[in-house]
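The next block holds one structure in the form of structure tokens; read it before the comments.
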Amino acid sequence: MANSPQSKKRARQNEARFAVNKARRSRIRTFIRKVEEAIASGDKAAAAAALQAAQPEMMRGVTKGVLHKNTVSRKISRLAARVKALG
3 MANSPQSKKR ARQNEARFAV NKARRSRIRT FIRKVEEAIA SGDKAAAAAA
53 LQAAQPEMMR GVTKGVLHKN TVSRKISRLA ARVKALG
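Heads up, the working numbering is the position in the sequence shown plus 2, with the first residue counted as 1.
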């Protein structure tokens with residue numbers, strides 16, 4: 003348990019940061035899920051639009067330190083390849 007005032011403040015900051023990061027991660031997952039659902043339905047236009055909406059959100063996760071740059075890059079690349087493969 004945190005004892006010093008500094009460690010107590012740190013604990014509060016960590017909780018606040020955790021909440022923000024959790025919300026941001028959840029939001030990114032929602033955008034990715036929308037792309038996945040559009041791909042599953044076979045609608046190329048909807049999938050492309052969903053991917054366009056998801057990309058900046060995913061990259062924002064990188065700048066905010068929620069996700070690693072290479073992870074997001076890989077996910078975008080794979081989603082784009084799947085959208086492109088749709089007939």
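Just so you know, even glycine gets a beta-carbon here, dropped at the ideal spot from N, CA and C.
Cα-Cα separation between residue i and residue j, rounded to whole angstroms
| i | j | result |
| --- | --- | --- |
| Ala-56 | Thr-32 | 9 Å |
| Leu-88 | Val-37 | 12 Å |
| Thr-65 | Asn-5 | 33 Å |
| Lys-10 | Lys-24 | 21 Å |
| Asn-72 | Met-61 | 10 Å |
| His-70 | Arg-76 | 10 Å |
| Gln-8 | Ile-34 | 38 Å |
| Glu-39 | Ala-48 | 9 Å |
Test item: CB-CB of residue i and residue j under 8 Å
| i | j | result |
| --- | --- | --- |
| Gly-63 | Ile-30 | yes |
| Ile-41 | Val-74 | no |
| Ala-82 | Leu-53 | yes |
Sequence-distant residues of the same chain with beta carbon closer than 8 Å to residue i, five excluded per side
| i | result |
| --- | --- |
| Pro-58 | none |
Worksheet item: Taking only runs of the beta strand (DSSP E) that begin and end inside the stretch 39-87, which ones reach a length of at least 3 residues, in chain order?
Response: none
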